[in-house]
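*Asks:* Sequences listed follow chains S and U, in order. For the first sequence, the numbering used here assigns the number 1 to the initial residue and increments by one for each residue that follows. For the second sequence, the numbering used here assigns the number 1001 to the initial residue and increments by one for each residue that follows. A virtual CB, placed ideally from N, CA and C, is assigned to each residue, including glycine. Please read through the structure below; I'll follow up with questions.
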Amino acid sequence: DAKTTQPPSMDCAEGRAANLPCNHSTISGNEYVYWYRQIHSQGPQYIIHGLKNNETNEMASLIITEDRKSSTLILPHATLRDTAVYYCLWGAGNNRKLIWGLGTSLAVNP
Amino acid sequence: NAGVTQTPKFRVLKTGQSMTLLCAQDMNHEYMYWYRQDPGMGLRLIHYSVGEGTTAKGEVPDGYNVSRLKKQNFLLGLESAAPSQTSVYFCASRYSASYEQYFGPGTRLTVT
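Here you go:
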């Protein structure tokens, strides 16, 4: 199974960087790491994905270790609106076998 | 663009009743997915489709059927609802060449 390990909850002060870790020790060489978040009861929202190299977009940065067994999602300046459950997933590019865990519940505090 | 829409938003069924959940997307996406989300569990894939007229089973397909007669619509059917199917159902879609899934707002289904 494409399982990931994430801490169940984290706190972050508003304006500070939020660093969310994820372990995916059984990932294969051609499988991507994806991050989504779910705000309250809304549908999940895509954040970023990567294969080997670090990636950055307007929402976040993704740091993948050289052995690809773990990654970190970085929200550089967390705001209250970033309070959400963050899911780390991995799987082949066709998304068909993505397994969703319980994610990390991030609370951004004023 | 409306993105991904789901109908209905809420529904209460009695055990044994049937219903169809409709997912519609206006982004011309090839791939569409149905998930369910239960408390204490992550999203689980029920069925998916890689194009009009094609469907495939996901992680938890039992008790559900799907159809993709039109590219923009993906229907999820419950022929005989059971209390174990009480859940929040999410639909998603994406381009075949993209890794980003777009999710709908969800349908909250309660089976009594």
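#1: Quick one: is U/F1010 buried, meaning 16 or more other Cβ sit within 10 Å of its Cβ, or exposed?
#2: Decide if S/R81 is buried, meaning its Cβ has at least 16 other Cβ atoms within 10 Å, or exposed.
#3: What residues in the region 1043-1062 of chain U have a beta carbon less than 9 Å from any beta carbon of chain S?
#4: Cβ atoms of U/C1091 and U/G952: under 8 Å apart, would you say?
#5: Residues bridged to S/E66 by DSSP?
#6: Quick check on the burial criterion: 16 or more other C-beta atoms within 10 angstroms. Buried or exposed for U/M1027?
#7: Consider the Cβ of U/G1106: report whether some Cβ of chain S lies at a distance smaller than 8 Å.
#8: Mind checking S/G15: buried by the 16 CB within 10 Å criterion, or exposed?
*Replies:* Taking the structure as given:
#1: Start at 1 with the first residue of the second sequence, and residue 1010 of chain U comes out as number 10. When all chains shown are included, U/F1010 counts as exposed.
#2: By one-based count along the first sequence, residue 81 of chain S stands at place 81. Around the CB of S/R81, fewer than 16 other CB atoms lie within 10 Å, so the residue is classed as exposed.
#3: Correct list: L1043, R1044, L1045, Y1048, V1050, A1056, G1058, E1059.
#4: In the structure as shown, chain U begins at 1001 and stops at 1112. Residue 952 of chain U is therefore absent and cannot be evaluated.
#5: The residue you call residue 66 of chain S lines up with position 66 of the first sequence. As DSSP reads the structure, S/E66 sits in no beta bridge.
#6: As a working note, residue 1027 of chain U is residue 27 in the second sequence. Answer is exposed; the Cβ neighbour count stays below 16.
#7: Here the question's residue 1106 of chain U lines up with position 106 in the second sequence. Using beta-carbon distances, U/G1106 counts as an interface residue toward chain S, with a partner under 8 Å.
#8: If you number the first sequence from 1, residue 15 of chain S lands on position 15. With fewer than 16 other beta carbons inside 10 angstroms of its own, S/G15 counts as exposed.
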